[in-house]
Amino acid sequence: PLYACIPSSAIQTVWEATVPHRRKDLVFLCNCIPSRHLNFDSSIDFTICILHFGVSHASVDDKGTASSLQPLPILNTSPQSPPTVVYGRHATTLAEVLKRDGISVEIASSAQHLQIVAAKKLAWSSLFWLLCHDSNEPMTVKEVWESKLKQIHELVEEMLPALERLASEPWTKRDDTELPKTSTSIKSIGTVQEVVDYLYAYSMSMKHGQITPSLRLGLNEIQERNGVLLSLMAKLSDDT
Numbered sequence: 184p185l186y187a188c189i190p191s192s193a194i195q196t197v198w199e200a201t202v203p204h205r206r207k208d209l210v211f212l213c214n215c216i217p218s219r220h221l222n223f224d225s226s227i228d229f230t231i232c233i234l235h236f237g238v239s240h241a242s243v244d245d246k247g248t249a250s251s252l253q254p255l256p257i258l259n260t261s262p263q264s265p266p267t268v269v270y271g272r273h274a275t276t277l278a279e280v281l282k283r284d285g286i287s288v289e290i291a292s293s294a295q296h297l298q299i300v301a302a303k304k305l306a307w308s309s310l311f312w313l314l315c316h317d318s319n320e321p322m323t324v325k326e327v328w329e330s331k332l333k334q335i336h337e338l339v340e341e342m343l344p345a346l347e348r349l350a351s352e353p354w355t356k357r358d359d360t361e362l363p364k365t366s367t368s369i370k371s372i373g374t375v376q377e378v379v380d381y382l383y384a385y386s387m388s389m390k391h392g393q394i395t396p397s398l399r400l401g402l403n404e405i406q407e408r409n410g411v412l413l414s415l416m417a418k419l420s421d422d423t
């Protein structure tokens, strides 16, 4: 496997820069939407991983030197975390690698399964950087759940039709019958409460919710996060 931990916007560039006979061995570990970031060739054959864990850096002193008491990197996950989902040629190998570090992993049974998981992850990525930074002082995701639960429910209810539309977008012609028999399957985005439960589980899996998503990164990626959902919501509004 050729592991690529990259922004989703770089997937096509990395694929094109890889020698053709090794492209099938690419393993992309990133927050991508398959139907949006892998649609440059519907017959492509590689491995995708939708991540449900975090990696933190150790504390640094005033000179920028990492603390010797806390080595790099630090894995942020817990048994309550939604599973990291893998799909494709090297799914079994990647799952074994991640499980060795205590990361919960599922092998997706179909391209649609992976697309649904990616849509749910986008909901978290779109909501929580905004909710953590919409007041004078940044909040942790735990504080957001404690103070804005009603708002989270309302936002999920508002975006659910867009999430359902996104989850149903096709992106590959791969034959799923060749996937490992141990793979699992989901077929819908779920109810409002099920999406909220997912968001809560992922939020609390990293440092028990004592994290604050990056405002800078959220702003840099706003078109790939909130922009996707807003455009789908606008299309759904036009359809009605």
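Residue numbering for the sequence shown follows my numbering, starting at 184 and increasing by one per position. Positions of the beta carbon are idealized from the N, C-alpha and C atoms, including for glycine. Predicted, not measured: the structure shown is a model, and the values here were computed from it.
Cβ shell of glutamine 298 (< 7 Å), same chain only, five flanking positions each side left out: Pro217, Ser218, Ala350, Glu352 and Trp354
Under the three-state DSSP convention, the category threonine 275 falls into: helix
Residues near serine 264 in its chain [Cβ-Cβ closer than 7 Å; skip 5 each side]: His235, Phe236, Ser287, Ala384, Tyr385 and Ser388
Can you tell me where the alpha helix (DSSP H) holding glutamate 199 begins and where it ends? 194 to 200
Top-ranked residue by Cα proximity to leucine 305, from Arg206, Ala200 and Gln406: Gln406
Considering only the alpha carbon of each residue, which of Ser414, Glu404, Lys418 and Gln393 lies closest to threonine 260? Gln393
Same chain, Cβ closer than 7 Å to phenylalanine 223, neighbours up to 5 away in sequence not counted: Gln195
My understanding is that leucine 398 touches tryptophan 312, with C-beta atoms under 8 Å, so please give their C-beta distance in whole angstroms. 6 Å
Determine the burial state of glutamine 334: buried for a count of at least 16 other Cβ atoms within 10 Å of its Cβ, exposed for fewer. exposed
Which residue wins for smallest C-alpha separation from asparagine 214, given the options Pro184, Ala294, Glu326 and Lys303? Lys303
So histidine 273 and proline 184 are supposed to be a Cβ contact under 8 Å. How far apart are they, rounded? 4 Å
Strand pairing of serine 318, partner residues [DSSP]: Note: serine 318 sits in no beta bridge, so no partner.
Buried/exposed call for histidine 204, threshold 16 Cβ in 10 Å: exposed
Is glutamate 289 buried or exposed, if buried means 16 or more other CB atoms sit within 10 Å of its CB? buried
Residue burial classification, threonine 267 (beta-carbon count within 10 angstroms, cutoff 16): buried
Considering only C-alpha positions, which residue in the set Ser371, Val238 and Thr201 is nearest to aspartate 228? Thr201
Ignore the nearest five residues each way along the sequence and tell me which others in glycine 271's own chain have a CB closer than 7 Å to its CB. Phe229, Thr230 and Ile231
The alpha helix (DSSP H) spanning serine 388 covers which residue range? 375 to 388
Mapping DSSP to helix, strand and coil, what is asparagine 259? strand
Those residues which DSSP pairs with isoleucine 290 across a bridge: Val269
Apart from the five residues on each side of it in sequence, which residues of its chain come closer than 7 Å, Cβ to Cβ, to threonine 276? Pro184
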